[in-house]
Amino acid sequence: MLGRVISIANSKGGVGKTTTTVSLAEAFAAEGFKTLVVDLDSQANASLLIYGEDGDERLYQAINDYTNVSDYLRENFLGECFAHMNKFIVPNASDVSYMGKRLDLSLVPATPGLRRAERELIYILTEQGYSMTAIEGRVGLRLRQDMADLRKQFDIVICDCPPGISAMTEATLSASDLIIVPTIPDFMSTLGLDLFTGDIIQSLKKRGLSSVPVVLATKYDNSPHQQAVLHAMREGASDPDIEYDMFETVVPNSADFAANPVELGANPTLAQKWQGEALTTINMLYQEVQARLAAQTTSEAA
Ligand SMILES: Nc1ncnc2c1ncn2[C@@H]1O[C@H](COP(=O)(O)OP(=O)(O)O)[C@@H](O)[C@H]1O
Ligand SMILES: [Mg+2]
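Just so we're aligned, residue 86 is where the sequence shown starts under this note's numbering, counting upward by one.
So this is what it looks like as structure tokens:
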């Protein structure tokens, strides 16, 4: 088992977090790695994109079966019980196949109720006298313990974070080996990038972790403006005072990345879901992520 945890995060919405999560997870699963996606965004976009054509029904099922991340939070922090994240996993969640085989992809789905569950958690624990830091600490500890067990069952766990930084996101980031920050190289999207990566670093340092977030340029349209911003982002990455790294892979702005799972129909192949340049780009990113994880293993062994 590789047992690696990757988080995809950015305080901004619409930058390609969910698309990166699902395409990367499917690339790992296609290579034969046992893969789990944890959807932490109440919009449940990653869950729907993984489920495919029957997404709505399957999400409804996950709500009825209590197999979702909202019930994980409720059971652990609002009740008195201890419920391992294991209990909330939907196996065989993907309808995508590769080389004639269904992807081995499991999912802890998000539901629209997640926002409320998070709010209730903060409210009730604050009432009980917990400070925000104590709440984050408590959620973080639980999540790290659960992730430690999930690492033994899965090669790769990928967490799709909501925009902004919540107690749950902070906790997830602190349990991760690699944090990917999708960013559109335009003026608006890069505003606050240093701040966000700086926040991540601070939060990781508090917990004694040393990994640096890795920025992925997304929705790149090759306009002079984006070329200039991409260049500035790369310069930033090489500046020792700015603590982020960057992938070589640049994700183009292309309809190939925005396939509608319902229009795709039942049981698409990986190449049908990620057409044209999308699949090539995803494979490049996959190789880079693998190389980074391998480098971590080497430095841990040294
Ligand atoms: N590289 C891309 N090119 C074009 N559209 C994209 C690309 N990546 C994502 N999209 C589309 O942009 C929207 C936001 O992407 P999403 O992955 O949901 O971002 P986030 O999770 O950061 O909010 C979606 O409609 C998605 O299909
Ligand atoms: Mg998203």
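For every residue, glycine included, the Cβ atom is placed at its ideal position computed from N, Cα and C.
Q | Nearest-angstrom Cα separation, counted from VAL123 out to ASN130 | A | 12 Å
Q) Of the residues GLU385, TRP359 and ALA386, which one's Cα is nearest the Cα of TYR183? A) Comparing Cα-Cα distances from TYR183 to each of GLU385, TRP359 and ALA386, the minimum goes to TRP359.
(Q) Quick test of your reading: ILE265 and ILE93, contact by CB under 8 Å. State the CB separation rounded to the nearest angstrom. (A) 5 Å
Q) Can we count ALA302 as close to ligand 1, meaning its CB is less than 6 Å from some heavy atom? A) Result no, Cβ not under 6 Å from ligand 1.
Q. Beta-carbon separation of PHE239 and LYS119 under 7 Å?
A. yes
Q: For PRO267, write down the residues that DSSP places opposite it in a beta bridge.
A: LEU301
Q) Between THR105 and PRO267, is the Cβ-Cβ spacing less than 7 Å? A) Cβ atoms of THR105 and PRO267: closer than 7 Å.
Q) Touch check for the region 125–142 and the region 176–192: three-plus C-beta pairs under 8 Å? A) yes
(Q) Distance check for ASP234 and MET86, CA to CA, integer angstroms please. (A) Near 12 Å, if we compare the C-alpha coordinates of ASP234 and MET86.
(Q) With H, G and I counted as helix, E and B as strand and the rest as coil, what does DSSP make of ILE91? (A) strand
**Q.** Simplified DSSP assignment, three categories, for THR152
**A.** coil
(Q) Taking DSSP's pairing of strands, which residues face CYS244 in a bridge? (A) SER92 and VAL123, per the DSSP bridge assignment.
**Q.** Closest residue to PRO176 among ALA343, PRO337 and ASP189 (Cα-Cα distance)
**A.** Minimum Cα distance to PRO176 is reached at ASP189.
Q. Which ranges does the beta strand (DSSP E) cover as unbroken runs of at least 3 residues, wholly within the region 201–256, from first to last along the chain?
A. 241–245
Q. Taking the alpha-carbon positions, what's the ASP271 to GLU165 distance?
A. 46 Å
Q: Count the other CB atoms, across all protein chains shown, that sit within 10 Å of the CB of MET217; report buried if there are 16 or more and exposed otherwise.
A: exposed
Q.
For ligand 1, I want to know if ASN338 counts as a neighbour, meaning its beta carbon is within less than 6 Å of at least one of the ligand's heavy atoms.
A. yes
Q) What is the rounded straight-line gap between the Cα of LEU28 and the Cα of VAL193? A) A question about residue 28 goes unanswered here, because the residues of the chain that appear run from 86 up to 387.
Q) Who are the Cβ neighbours of GLU116 in its own chain at under 8 Å, not counting the five residues just before and after it? A) TYR371
Q.
Nearer than 6 Å: is that true of the beta carbon of ASP126 relative to any heavy atom of ligand 2?
A. yes
Q) According to the Cβ coordinates, are THR211 and ILE148 closer than 7 Å? A) no
Q: Evaluate ASP141 with the Cβ neighbour count: other Cβ atoms within 10 Å of its Cβ, from every protein chain shown; 16 or more gives buried, anything less gives exposed.
A: Here ASP141 is exposed. Its C-beta has fewer than 16 other C-beta atoms within 10 Å.
Q) By Cβ distance below 8 Å, which residues in the same chain neighbour PHE173 in space, the five residues on each side in sequence not counted? A) Result list for PHE173: TYR151, THR152, ASN153, VAL154, ASP156, TYR157 and VAL193, in chain order.
Q. Residues in its own chain within less than 8 Å of LEU349 by CB, not counting five upstream and five downstream?
A. The residues are GLY137, GLU138, GLN357 and LYS358.
**Q.** Spatial distance of LYS290 from ALA340 (CA atoms)
**A.** Distance between LYS290 and ALA340, taken at the CA atoms: about 38 Å.
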